[in-house]
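Worksheet: one structure, shown below.
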Amino acid sequence: MIVAETAGALQASFNDVWLTVVHYVPAIIAAVVIFVIGWVVGMILARVIEQVVAVLRVDDALRSTGLNDAVKSAGFSLNVGRLLGELVKWFVIIVFLITALEVLGLVRVTVFLQQVVSFLPHVFVAVLILIIAAIVADVVKNVVTGSARAAGVTAANLAGAVAKWAIWIFAIMAALNQLGVGVALIQTLFMGLVIALSLAFGLAFGLGGKEAASKTIERIRSDVSHGRE
């Protein structure tokens, strides 16, 4: 009697397990298919983005700014296309993974991954801000330095360096703001830097342009005196 009851209980347990497995097999297959599709799509998009960035020669533009040396000194290699491609690839993979987990009914894991997915676009924008800043900062430095030299300002190199690092500082603050890192502190630092840079520019052009201003005034006086003669 006891043996029969035990055998019946075991059979019922095995039947329940089997029914559960049979019930979940279609969901597991669907989840695996969804995840594989997401992986393939992510890989394709990563390669496309890497090729587009290579055609645009973004890495060459960044190397001309000297950023490549700084990246190498940190033990990394400069490859913007691969970086952006990896971000997009994992964004797509996680989105498809969320769908696959929803099919399996894993709600808690899905909620966590949704938070990760909502954060990845901010990382993407922050990286773009820093890349654009690296290109623009060097161009602005050359323009400001050249303009200051043409105006006869002795502190032309200082003015160019200040302009370059001002753009870098603002870009870093904007990137941190995108990542949600200390927003209130960043705003306070931003206001302080604006005031400090304004004073720095005023002193640089005021002291450096003193000689140029005196020469210009002397030239005007000479022209006026020749005109009277």
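Letter by letter, the sequence shown follows residues 1 to 229 of the UniProt record's numbering.
Even glycine gets a Cβ: it sits at the ideal position worked out from N, Cα and C.
Where the alpha helix (DSSP H) through residue i begins and ends
{"i": "V162", "result": "156 to 179"}
CB-CB length for residue i against residue j, believed under 8 Å
{"i": "L84", "j": "V127", "result": "7 Å"}
{"i": "A54", "j": "G81", "result": "5 Å"}
{"i": "A156", "j": "T145", "result": "5 Å"}
{"i": "G42", "j": "K89", "result": "4 Å"}
{"i": "V103", "j": "I34", "result": "7 Å"}
{"i": "G38", "j": "V125", "result": "The Cβ separation is near 22 Å, so there is no contact."}
{"i": "I131", "j": "A174", "result": "Not confirmed; about 12 Å, so no contact."}
{"i": "residue 256", "j": "A159", "result": "In this structure the chain extends from 1 to 229, so residue 256 is not present and cannot be described."}
{"i": "L87", "j": "V123", "result": "6 Å"}
{"i": "V143", "j": "I167", "result": "Incorrect: roughly 12 Å between the Cβ atoms, too far for contact."}
Any chain B beta carbon closer than 7 Å to residue i
{"i": "T154", "result": "Here there is only one protein chain, and chain B is not present."}
Closer than 6 Å: residue i CB and nearest the ligand SAH heavy atom
{"i": "A27", "result": "Ligands in the displayed structure: none, and consequently the ligand SAH is not present."}
| query | What residue ranges within the region 74 to 122 form continuous alpha helix (DSSP H) runs of no fewer than 4 residues, ordered along the chain? | reply | List check, alpha helix (DSSP H) in window: 80 to 104.
| Below 8 Å, can you find three or more Cβ-Cβ pairs linking the region 130 to 137 to the region 92 to 112? | No, because fewer than three Cβ pairs between the region 130 to 137 and the region 92 to 112 fall closer than 8 Å, the two stretches do not touch.
| Any 3 or more C-beta pairs closer than 8 Å across the region 155 to 163 and the region 111 to 120 | At 8 Å Cβ cutoff, the stretches do not touch.
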